[in-house]
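Heads up: the structure comes next, in structure tokens.
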Amino acid sequence: MSTLHDLHSHSTASDGALRPPDLIARAAAAGVTVLALTDHDTLDGLPGATAAAADLGLSLIPGVEISVTWSGQTVHILGLRVNPDDAALNQGLVGLQAFRDWRAEEIGRRLARAGVSAALDGARRFAQGRIIGRTHFARHLVASGHSPDLRTVFKRWLTQGKPGHVPGEWASLEQAIAWIRGAGGIAVIAHPARYRMTSAKLRRLIEQFQALGGEGIEVVSGSHSRDDIVSIAGVARRHRLLASAGSDFHDPENPWVELGQLPTLPEGLEPVWSRWEQAG
Ligand code: AMP
Ligand code: MN
Ligand code: MN
Ligand code: MN
């Protein structure tokens, strides 16, 4: 049987729009055979996803997408095949969730000063799990007529220099990798082309990442262009990083990122899944 890997996705446990069982059903219908659920800073979606995957014969990789502050910017590190019961990983994520809660209140206060009242209450109505994030504010701001669409909300309200932006400290790169490895997982740099780093800065990130035990990089991502894929494939070969592929699916309403609709990995790369699918 042929396999189709999609190793980056979100559910209502963080800022995805589908509940874990509905996400799994959509992935299976799209022909995905191996799906990683990688919610932001939480493992809460995994029990429901695991049960649904077992029912549908889909292989579920327990994952997480950890928010990291590195060299003054936010970087996302995926943990693939983590043990969801690992105490230190769970403890680390509790700390990030506490920062998210404080940040959500601060976003609410800043938006109020900019003339948008009760944004936190609005955002909370869109958050269906423990995690609250900018996507929930964005959905509320669109629904309440402050912006026409998600892309515009982020640009106008929620990114650096805009009224609802709150700078802050997420996990360190060292912490994120230690939590992932301690939980038996493989650390993967998510959507590297999104960070708009110079090649020198990306090299510095990768060198530190590898020195700390990080092993993989997302070459194929729903947020990468064809050119990004070619360029990051070159980076992965040069640094001998395991190559990952994931849609970063959040929401069926977003027509340009669908589960499993991914170009194949370029030649000459070792797929991250070779780690758990050794031949023989
Ligand atoms: P947070 O981790 O709460 O700061 O939110 C980050 C999330 O916001 C990302 O994972 C995306 O889901 C979403 N996001 C960030 N930038 C944009 C954008 N320009 N358009 C739509 N969604 C975005
Ligand atoms: Mn997200
Ligand atoms: Mn991300
Ligand atoms: Mn993601």
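Numbering (this note's numbering), first residue to last: 922 to 1201.
By construction, the Cβ of each residue, glycine as well, lies at the ideal position given by its N, Cα and C atoms.
All values reported here derive from a predicted model rather than from experimental measurement.
Item	Value
Whole angstroms is fine: what's the gap from residue 925's alpha carbon to residue 1033's?	45 Å
Is it true that the CB of residue 1029 sits closer than 8 Å to the CB of residue 1040?	yes
Let me know the secondary structure DSSP gives residue 1181 once reduced to three states.	coil
Can you say whether residue 1201 is buried or exposed, counting buried as having 16 or more other CB atoms within 10 angstroms of its CB?	Per-residue confidence for residue 1201 stands at a pLDDT of 46, beneath the threshold of 50, marking its modelled position as unreliable; no derived number is given.
Tell me the start and end of each unbroken beta strand (DSSP E) in the region 1114-1172 that is at least 3 residues and wholly inside, in chain order.	1137-1142, 1163-1167
Comparing the CB of residue 1145 with every heavy atom of ligand 4, is any distance shorter than 7 Å?	no
Contact between the region 979-990 and the region 957-966: three or more CB pairs below 8 Å?	yes
Using the C-alpha atoms, what's the distance from residue 1042 back to residue 1187?	45 Å
The beta strand (DSSP E) spanning residue 983 covers which residue range?	980-991
For residue 1198, count the other beta carbons within 10 Å of its own beta carbon; 16 or more makes it buried, fewer makes it exposed. Which is it?	exposed
Mind checking which residues open and close the alpha helix (DSSP H) that includes residue 1057?	1055-1064
What residue from 1009, 1173, 1110, 1179 has the CA that sits closest to residue 1207's CA?	Only positions 922 to 1201 of the chain appear in this structure, which leaves residue 1207 out of reach.
May I ask you to check if the CB of residue 1111 is nearer than 7 Å to at least one heavy atom of ligand 3?	yes
Is the region 1099-1106 in contact with the region 1117-1127, if contact means three or more CB pairs nearer than 8 Å?	no
When you compare only the Cα positions, how much space is there between residue 1094 and residue 953?	30 Å
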